[in-house]
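Encoded as structure tokens, the structure appears first; notes follow it.
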Amino acid sequence: MENLKLLYYRLSKTLKFSITNPNTFKQILSFKSNLIRVFSLLFIILLLTSLFSIFLVGGFDYFFSSDSLSINRNKLEEQGEKIAKLYSKIESQQSYITNIKSILNNEIQAQHNIDSLEEKRIEIDISKMDSKQTVPEKKNSEKVKQDMSTNLSIKNNSFLYFGNPVKGIISQEFDSKNHYGIDVVTEKDQIVKSCLAGTIIYTGFTHKDGYIVIVKHLGGYISIYKHNKIVLKKIGTKVQLGDPISIIGNTGENTDGPHLHFELWHDQRPVNPIEYMSFK
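Mapping of the sequence shown onto my numbering: residues 25 to 304, in sequence order.
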């Protein structure tokens, strides 16, 4: 105990420090302090020098967890990828809507028509196809024929009679943001029928959706049929409700089996087909 007191006394004893010129012995600098302060000052200088050296050599990663920084960096990269995918998806959807509007306004012409689809011809008896119309379809067809023979505009949708293009199981439902139509799984080589009387305004092939048929109807409606195996009608052909327009298929990249992707648009906006017809 006495030794500690003696050590503390010596360290806390005030001392005078001076710097002199060895040639002239003239005092340049002098100050009073104790050893505790001097050692503390030297320790601080040494600590700051060490920290500065580490920053120069290793950077901030030496002090901050590299694992934490790596996790944050990965999260930022994932968020960046999600934003890029979302932006690409929005651009794709906007381009799709623009193309549909352009077709409706006759601003672009179809690049492919029925005459360019010779490679996948099969023998089909059209008369037999018409005979497959159900009784309600035949009644509705007769009603719509009268509408199509006039130039009267239809302001009330109740005057329109929709029929399903195919019957089957809905594998993917309508989503106004991500999926503009419905996917209907049915038997192989099933006949696809027009859901309403109208005019064929587009037939073509895309790598994404395969063989496509677009029909323009009265009342501001259009119907779109994708992934067809064969297109049966030419551009400009008038069709009635229940008329065969294509054969269901599995063409295009966005498909993993025979099915029909069916879309119904009204006044240039996609609507849910289930609200207009039954697919059972």
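Glycine included, every Cβ here is placed at the ideal spot set by N, Cα and C.
Subject >> Of the listed residues PHE303, ILE259, GLY260, nearest to LYS191 (C-alpha basis) >> reply: PHE303
**OP:** Could you tell me the distance, in whole angstroms, from the CA atom of GLN264 to the CA atom of GLY104?
**Re:** 49 Å
**OP:** Determine the closest residue to LEU59 out of LEU39, CYS219, ILE68, ASN47, with distance taken between C-alpha atoms.
**Re:** Out of LEU39, CYS219, ILE68, ASN47, the CA that lies nearest to the CA of LEU59 is found in LEU39.
Original post:
Under a three-way DSSP split, which group does PHE286 fall into?
Top reply: strand
Original post:
If you compare alpha carbons, which of PRO46, ASP280, THR261, ASP199 is closest to LYS232?
Top reply: Residue ASP280 is the option with its Cα nearest to LYS232.
Original post:
Identify the residues that DSSP records as bridge partners of HIS231: which are they?
Top reply: According to DSSP, which records beta bridges pairwise, HIS231 is partnered with nothing at all.
Original post:
Should VAL255 and TYR235 be called a contact, given that it needs their Cβ atoms to be closer than 8 Å?
Top reply: yes
Subject >> Counterpart residues of LEU39 in DSSP-defined beta bridges >> reply: SER57
Original post:
Are the beta-carbon atoms belonging to GLY260 and CYS219 less than 8 Å from one another?
Top reply: no
Subject >> Coarse secondary structure for ILE69, derived from DSSP in three states >> reply: Helix.
Subject >> Close-in-space but distant-in-sequence residues of the same chain around PRO297 (CB under 7 Å, 5 per side omitted) >> reply: PHE198, GLY205, ILE206, PHE286, LEU288
**OP:** Work out the CA separation of LYS56 and SER64 for me, nearest whole Å.
**Re:** Rounded to whole angstroms, the separation of the alpha carbons of LYS56 and SER64 is 15 Å.
Subject >> CB contact flag (ILE224, LYS253, <8 Å) >> reply: Contact: no.
**OP:** Grab me the residues of GLY244's own chain with a C-beta within less than 7 Å of its C-beta, minus the 5 sequence neighbours each way, in chain order.
**Re:** HIS290, ASP291
Original post:
Does the Cβ-Cβ distance between ILE269 and TYR249 come in under 8 Å?
Top reply: Taking the C-beta atoms as reference points, TYR249 is found nearer than 8 Å to ILE269.
**OP:** Return the chain-ordered ranges of every beta strand (DSSP E) run that is complete within the region 233–271 and spans a minimum of 3 residues.
**Re:** 234–241, 245–255
Original post:
Under three-state DSSP, which class holds LYS304?
Top reply: coil
Original post:
From this set, VAL239, VAL209, ILE246, THR230, which residue's C-alpha is nearest GLU328's C-alpha?
Top reply: Past the edges of the chain, shown from 25 to 304, lies residue 328, and the structure says nothing about it.
Subject >> Bounding residues of the beta strand (DSSP E) (the contiguous stretch that carries VAL190) >> reply: Counting along the chain, VAL190 sits inside no beta strand (DSSP E), nor does DSSP assign it H or E at all.
**OP:** In angstroms with no decimal places, state the Cα-to-Cα distance between ILE52 and LYS37.
**Re:** Take the alpha-carbon of ILE52 and the one of LYS37: they are about 23 Å apart.
Original post:
Are GLY266 and LYS240 closer than 8 Å when you measure CB to CB?
Top reply: no
**OP:** Express the C-alpha separation of LEU100 and LYS262 in angstroms, rounding to a whole number.
**Re:** 54 Å
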